[in-house]
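Sequences listed follow chains A and B, in order.
So the numbering used here is basically just the index in the first sequence, starting at one, shifted up by 111.
So the numbering used here is basically just the index in the second sequence, starting at one, shifted up by 791.
Even for Gly, the Cβ is constructed at its ideal location relative to N, Cα and C.
Model, not experiment: these values are computed from the prediction.
Okay, structure first, notes after.
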Amino acid sequence: MATETAQAGTDVPAPAPEHLTTEDRVGLLRAMLTMRGIEERAMMLYRQGKVPGSFYDGFGQEAVSAGPAWAMHGHDRLCILHRDLAAHLIRGVTPARIFAQYMGREAGITRGRDGNVHFGDRTVGCVGMVSMLPDMMLVATGLAMAFKLRGEQRAALTWFGDGSTSRGDFHEAMNWAGVQRLPVIFVLENNQYAYSTPLDQQFAVDPVERAAAYGFPGVKVDGNDVEAMFEATRQARERAIAGEGPTMIEAVTMRMHGHAAHDDMKYVPREKIEEWRRKDPIDRQVRRLEAAGVDVAALRQEVAAEIERAVEEALATPMPDGNTAADGVFADEPALLEDGTSRWSGFAAGAA
Amino acid sequence: MPTMTYLQAVSAAMREEMRADERVFLMGEDIGVFGGAFKATDGFLDEFGPARVMDTPLAESAIIGCAIGAAAEGLRPVAEMQFADFVSCGFDQLVNVAGKMYYRQGLSVNLTVRLPSGGGFSGGPFHSQNPEAWFMHSPGLKVVAPATPEDAKGLLISAIRDPNPVVYLEHKHLYRRIKGDVPEGRYATPFSARVAREGTDLVVIAHGAMVHTALEATADLDGASIEVLDLRSLVPLDEAAILASVRKCSKVVVVDEANSTCSAGAEVAALIAEKGFEDLDGPVVRVATPDVPIPFSPPLEQAVLPQVDDVREAVRELLEY
């Protein structure tokens, strides 16, 4: 059932996308530019000692989170992985809170309780990841189960990596979602390496081929094409809320930086990096929008200014008080997920 | 007040909460059509339907992981592990995802995981364990272990309503062996200890099935006045009640069916050493299962699990100290 909608990296001439307005397309670019800008700036802060721990980024993978997040309704739910910063931005998390999060400050999403990209803002419908991968596939499946149980037209989406397809939770989630035909979308972020382990040491069969074995479609998409990622997710969501069950989307992309800041990536052939640099997802969307007459230079300036303001804002916030470290282990009252922003113009135009 | 078995009380808690609150639903292996391996959910499928009494695949990580997702959306899942032992397959979701969720991102997880636990009937190494200490050691999880039918119902109702993940240990050896009066209606029992019998010469501290072992062992002990404290809740641990009994009795025997090292009983003993030392008139004595897998054959199993005679002997020795 796996179908190919695009070859990774082929720079197809910009089609006039049926479901995206120019405003949507600019929004997608803006999210990707903001993600890259934040991560580049945060890496500087890391090197300056202002970001403790380690630092993980999604350089070169910005389309994998931006496209799908754009296709999801504000009342849908997302379980977001560590190279998917654009999804947080699209849901409405501000850059200043993200910088504060990286720096372990009280104003960060986890208030310094967890580090780097280990966060999810429950007030915009996001659940933060844990380091055990792909645990969130099951949580997303459970969110979808709640929607089905209550008869709601909503969907859940989660990202997971190629390495995590080797773990049991991948199987348990795929199986359960298939058995119950749940409204869940599994986005496999195939970035060629799990830390240093390449795909051919991770699996004998491409995971997208396995979707059929669980009873639902698997779609392979060019993960560096943000509009293709949007479209695949839009279709998967349509299936989900129509009660047709889950979809797995394999986003073929490349991890352009090391696993984390300390990783020099010497195990990746240089030519491979060069090859993928030419397929950069932001460059591609820039070319499309420039062809459509959008002033991308102005957009870049706007994003850069926003990021600098956010850094200043975050740096001005306090570190958490050590005396509060043992507080908040247990909840006194329920604190549940709330809705985020619906970004795709199709929702305003009446799409469910 | 109706009389019920411990198992009937467990069922009553779920049935009454499900009737009153549509957010409550059940997940587990063989809980629907079959009514559960121990029949705790017998008849539930007919009354509540398959959406709320969900027969799941054989996948403990999925049961707990999906329950976490449903809880984040405002439902109140009650997940059954067919045997407490199998929670090892769902350990990661419970400990890393559920337990740390609220602390990390302020998202509460209103989840109850039922663990049919304990030995005494030749269940062998994989159907007899008492894994409560694994979860006591994991921040963010509450852990309760009722000993009586009344508490089995009230603590399960409290667990279902608690906005946090609660590990609920129901002792299999009590299911049909123990009967008692159970109040009608929906009542929530607090996560605190209970004095099962008042006494002044020595206190036996226990939870779950060992409360009954302690009561039997000390029912008539040469006229000595023996208090029995039923912990009921292990997280939170009722420090005030433990220390009050120590102050009153000055001699303490801690009985625990779990393997001895780092068990709930070990934690109680440590607490008394730290905060009750001045009130003691003898060493804290522990009776627990040695650190071996629970063997299958009856003479072997009885040799490792604390028996009435073991407790009686320990109490007698300490009284003479």
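In the DSSP assignment, I191 of chain A falls within the unbroken beta strand (DSSP E) covering R188 to I191. For the stretch 414–448 of chain A, the beta-carbon criterion of a distance under 8 Å to any beta-carbon of chain B is satisfied by G439, V440, F441, A442, D443, E444, P445, A446, L447 and L448. Within the stretch 279–347 of chain A, the complete alpha helix (DSSP H) segments of 4 residues or longer fall at 279–291 and 318–321, listed in chain order. The continuous stretches of alpha helix (DSSP H) do not include I969 of chain B, and DSSP gives it neither H nor E. In the DSSP assignment, M247 of chain A falls within the unbroken alpha helix (DSSP H) covering D246 to L260. Against I859 of chain B, the close residues of chain A are L249, V250 and G253, in the order they occur along the chain (beta-carbon pairs closer than 8 Å). Looking at A:T358, A:E386, A:R141 and A:G253, the one whose alpha-carbon comes closest to that of Q884 of chain B is A:G253. The C-beta of F917 of chain B has fewer than 16 other C-beta atoms within 10 Å across all chains shown, which makes the residue exposed.
Put simply, of B:M1001, B:E989, B:A1000 and B:D1021 the residue whose alpha carbon is nearest the alpha carbon of A1015 of chain B is B:E989. Close to G865 of chain B, with beta-carbon spacing below 7 Å, are these residues of chain A in chain order: L447. When secondary structure is reduced to three states using DSSP, M365 of chain A falls in the coil class, being assigned neither helix nor strand. In the DSSP assignment, I996 of chain B falls within the beta strand (DSSP E) that extends over L993 to A997. In this structure R216 of chain A is buried. Its beta-carbon is surrounded by 16 or more other beta-carbon atoms within 10 angstroms. With fewer than 16 other Cβ atoms inside 10 Å of its own Cβ, F912 of chain B counts as exposed. Relative to the Cα of D374 of chain A, the nearest Cα in the group A:A305, A:W287, A:G404 and A:F314 belongs to A:A305.
Looking at the DSSP output, G272 of chain A bridges to A:E300. Per DSSP, reduced to three states, the secondary structure at Y213 of chain A is helical.
Residue contact with chain B for L200 of chain A: absent (no Cβ-Cβ distance below 7 Å to any residue of chain B). Sequence-distant partners of E150 of chain A (beyond 5 residues in either direction) whose C-beta falls short of 6 Å from its own C-beta, in its chain, are D168.
At least 7 Å separates the beta-carbon of T980 of chain B from that of D1029 of chain B.
Approximately 7 Å separates the beta-carbon atoms of I209 of chain A and H199 of chain A; this is inside 8 Å, confirming the contact.
The C-beta distance from P954 of chain B to N887 of chain B rounds to 19 Å, too long to meet the 8 Å contact threshold.
Contact of R895 of chain B with chain A by beta-carbon distance below 8 Å involves T221, R224, D225, H229, F230 and G239. Under DSSP, E961 of chain B shares a beta bridge with B:P907. A distance of 7 Å or more separates the beta carbons of S908 of chain B and H964 of chain B.
Only residues of its own chain outside the window of five on either side were considered, and among them none has a CB closer than 8 Å to the CB of K377 of chain A.
For R381 of chain A, the number of other beta carbons within 10 angstroms of its own is below 16, and it is reported as exposed.
With three or more CB-CB distances shorter than 8 Å, the stretch 292–306 of chain A counts as touching the stretch 354–368 of chain A. Counting along the chain, the unbroken beta strand (DSSP E) around M845 of chain B starts and ends at V844 to D846.
Inter-segment contact for the stretch 807–817 of chain B and the stretch 857–876 of chain B is present: three or more beta-carbon pairs are separated by less than 8 Å. Taking a Cβ-Cβ cut-off of 8 Å, the neighbours of N286 of chain A in chain B comprise P848, A850 and A853, given in sequence order. Judged by DSSP secondary structure, E1108 of chain B falls within the alpha helix (DSSP H) whose first and last residues are V1099 to L1110. Ranked by how close their Cα comes to the Cα of I1017 of chain B, the residues B:W925, B:G971 and B:V995 have B:V995 in first place. If only complete runs of 4 or more residues are kept, the stretch 833–877 of chain B shows the alpha helix (DSSP H) at 835–839 and 851–863, in order along the chain.
Annotation for G457 of chain A: the continuous alpha helix (DSSP H) segment containing it runs S456 to A459.
Rounded to whole angstroms, the gap between the alpha carbons of A353 of chain A and R420 of chain A is 43 Å.
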